Structure formats: structure tokens, C-alpha cells
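Number of protein chains: 2
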Amino acid sequence: MASAAPRPGAAVRGSATGRPLMAALDLLGRRWALRILWELRHGPLGARALQARCDRMSSSVLYDRLRELTEAGLICRDDNEPYQLTDLGAGLGAALEPLDAWARNWSDRLTSEHSPKRRPAPGSRPRPVAVPRGPGEPR
Amino acid sequence: MASAAPRPGAAVRGSATGRPLMAALDLLGRRWALRILWELRHGPLGARALQARCDRMSSSVLYDRLRELTEAGLICRDDNEPYQLTDLGAGLGAALEPLDAWARNWSDRLTSEHSPKRRPAPGSRPRPVAVPRGPGEPR
DNA sequence: CGGTAGCGTTTCGAATACCGAAACACAAGG
DNA sequence: CCTTGTGTTTCGGTATTCGAAACGCTACCG
Numbered sequence: 007m008a009s010a011a012p013r014p015g016a017a018v019r020g021s022a023t024g025r026p027l028m029a030a031l032d033l034l035g036r037r038w039a040l041r042i043l044w045e046l047r048h049g050p051l052g053a054r055a056l057q058a059r060c061d062r063m064s065s066s067v068l069y070d071r072l073r074e075l076t077e078a079g080l081i082c083r084d085d086n087e088p089y090q091l092t093d094l095g096a097g098l099g100a101a102l103e104p105l106d107a108w109a110r111n112w113s114d115r116l117t118s119e120h121s122p123k124r125r126p127a128p129g130s131r132p133r134p135v136a137v138p139r140g141p142g143e144p145r
Numbered sequence: 007m008a009s010a011a012p013r014p015g016a017a018v019r020g021s022a023t024g025r026p027l028m029a030a031l032d033l034l035g036r037r038w039a040l041r042i043l044w045e046l047r048h049g050p051l052g053a054r055a056l057q058a059r060c061d062r063m064s065s066s067v068l069y070d071r072l073r074e075l076t077e078a079g080l081i082c083r084d085d086n087e088p089y090q091l092t093d094l095g096a097g098l099g100a101a102l103e104p105l106d107a108w109a110r111n112w113s114d115r116l117t118s119e120h121s122p123k124r125r126p127a128p129g130s131r132p133r134p135v136a137v138p139r140g141p142g143e144p145r
């Protein structure tokens, strides 16, 4: 049986504190979760249509995710209509864009420094940075 | 033995496409990964100090994450100095803020609609939203 | 009727990730 | 020496997550 969907305030993967960001990353970090939301951006889709768009996604995971995302209020469905995003789920898309941009930059850096093992080319290796005094702290 | 750290371009958890965002979520969605980065925002920390700040994190996972984050170029260490963020890792903090803000809003909504099971109070249930025609597509 | 095709959904064995505690190595100090 | 404090690895057990196959249902069609 699949366990309960991550909720802010309760213990989640990544930390027992239940900080909202942790809960979000727990939810979204699960396999295919984000991909499902992504596919739904284009419009409502049925379960099998979703599965078709997400190559290799198995249906058990699909339904686990659908249930979790529904409990989280990111998707919903009317009666037996196809699944669709809620306004909350749609807002998530915008919130992910900076992370997406960062990830692209990250990807560029990793791939430009010739891929082989890990050790970046001499002179271009990751430099430490002066710590910017983060404002909030995790609790 | 721990497997290789997720890299953009290679298959990762969440999708076989290796889209940068997916790889990022794979990496960051792993238990304690983000927490470690978060703790390092305050300044360099040694392994045991990190473990102390992250209650209940077991050392085996800690070192798995440290290795992964290092391979990903988000953290580094000079010789046997404490671990610290790279500029790339520090930039991630900023990229996460919108997501953090979204997560707080999400948290507020979930907790305000009296927690019980899932069905939100009548009249406040998640409404579907007109699909905003997302620009990019997954691939 | 049968059959077969599409959909939503569940079951189940196997792989993986995670945990907690113990141990190893190594350096410094008393 | 012996203790104390680091950084790190190993190991057995447990929980989570996966993928493939199966199940049930509603058409639709010959």
C-alpha cells in the first residue's frame, strides 16, 4: 500500500521538520511527479494518455503519483473526466522556472567541462564562494 | 555501493530524458540533499557538524550525499578543510526561493482548509484552471 | 451473444534507498 | 599509552519504489 502523500508540517523525506519546501521537494522529487504535472500543462489528460506520454512510466507509479498529487491539491478530476491541474498546480509551473533556468546553467557547466569522470579541467574547477549570509534558517 | 550522482543528459529518477530540471530534482529530491546545502549556506561545515545539525541523518547517507553533491559541483572542499558551497551551489539557493514561496502558499492552503482527510471544504475545493498554453515541451 | 478493444485501476515479486550502529583510520593532547 | 575528536566506511535489516502483468468495466461490432 502506498503511504500518505507528503504534506507540509508532517515529516517528509529529506527532513523531519516538514518545512514546506522540504515537503514540496519530497512530493515533486518522486519519480514522474513533475513530469505528470508538466504533461498536464498542455491540458487535461486521462490516465492512459498520461502514461503514453511518459515513456516507461509504470501504471502503479502513475496512480501513486496521481493520488499523491490529488491529495496535495495540485491536480483534480471531475467525476470520471480526465485529470487536470488545479490553480495551485498551475502556479507551481511558474515557481519552477528559476530552478529550471538554474538547472540549464548547471547542465551547461557540467557538459562544457569535458564530461569524462568528474575532475573538472584545471583552472576551471569549482571555486568556493564567499558565504552570502543566508537570511532565513531552517529551524 | 552508492550509484553515480544524477547528471543532466543522463537518465535520472523521474524521467529517462535527462532534462536538466529532472536531473536537478533527482539530485535535490534525495533525502537530506537539500538540507545539507541549506545548512552550508551559513558557512563551511565539517562532516560531523553537518550530521549534528541534521537530526537523525545517518552517516552513510551523509557521505552518499556529500559525494553526489561534490560530483555535481555544488559543494567542494580544499584538502581536508570543511565542506562548503561552490558558486554554483550558492546560486541554487536563489533559484529555490520562488519554489519556497510557492510551498509556503501551498502549505497555508492545505492547513487552512481544516486538515482531516482531503476533501476540501465545500466552496473552496480546488478548481480546475484554464490551461495556460505552456511554452516548452518536455522531450 | 461472443469477441476484442479501450480505459482506469490494483496486485505482486524484485530492486533500490535508507537507516542505525558499529568499526576503522588518523591526528592531537593529556 | 590512553583518551578524545575528527572523517569515513561497512553491514544487516527495513521501508520505499519500481515494472510488468493482471483485473474489471464499458463500449463497440460482427
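So the sequences go chain by chain: L and Z.
Per my numbering, the first sequence starts with residue 7, numbered consecutively.
Per my numbering, the second sequence starts with residue 7, numbered consecutively.
Note that CB positions come from ideal geometry on N, CA and C, so glycine has one too.
Remember, predicted model here, so these are calculated numbers, not experimental data.
By alpha-carbon distance to L43 of chain Z, the top candidate from Z:W112, Z:Y89, Z:A58, Z:R115 is Z:Y89. With contacts defined by Cβ atoms closer than 9 Å, V18 of chain Z and R37 of chain Z do not form a contacting pair. The Cβ-Cβ distance between M63 of chain L and L40 of chain Z does not fall below 9 Å.
Its Cα nearest to that of G95 of chain L, the residue L:L33 stands out among L:R25, L:L33, L:G15.
DSSP, reduced to helix, strand and coil, places T117 of chain L within a helical segment of the structure shown.
Contact of D32 of chain Z with chain L is assigned, a C-beta pair being separated by under 9 Å. Counting along the chain, P50 of chain L sits inside no alpha helix (DSSP H), nor does DSSP assign it H or E at all.
Look at S66 of chain Z here: in three-state DSSP terms it is helix. For G35 of chain Z, the uninterrupted alpha helix (DSSP H) segment begins and ends at 26-35. Residue environment analysis places A109 of chain L among the buried positions, since at least 16 neighbouring C-beta atoms fall within 10 angstroms of its C-beta. With its beta carbon at least 9 Å from every one in chain L, L68 of chain Z lies outside the interface. The closest CA to that of G99 of chain Z, considering only L:T92, L:G97, L:L102, is found on L:L102. Residue pairing of Q90 of chain Z in beta bridges, as defined by DSSP: Z:C82. In summary, R54 of chain Z is exposed, with fewer than 16 beta-carbon neighbours lying within 10 Å of its beta-carbon over all protein chains present. Our two residues, L91 of chain L and I81 of chain L, have alpha carbons roughly 4 Å apart in a direct line.
With contacts defined as CB atoms closer than 9 Å, S113 of chain Z and P26 of chain L qualify as a contacting pair. In this structure, the CA atom of S118 of chain Z is about 11 Å from the CA atom of N111 of chain Z.
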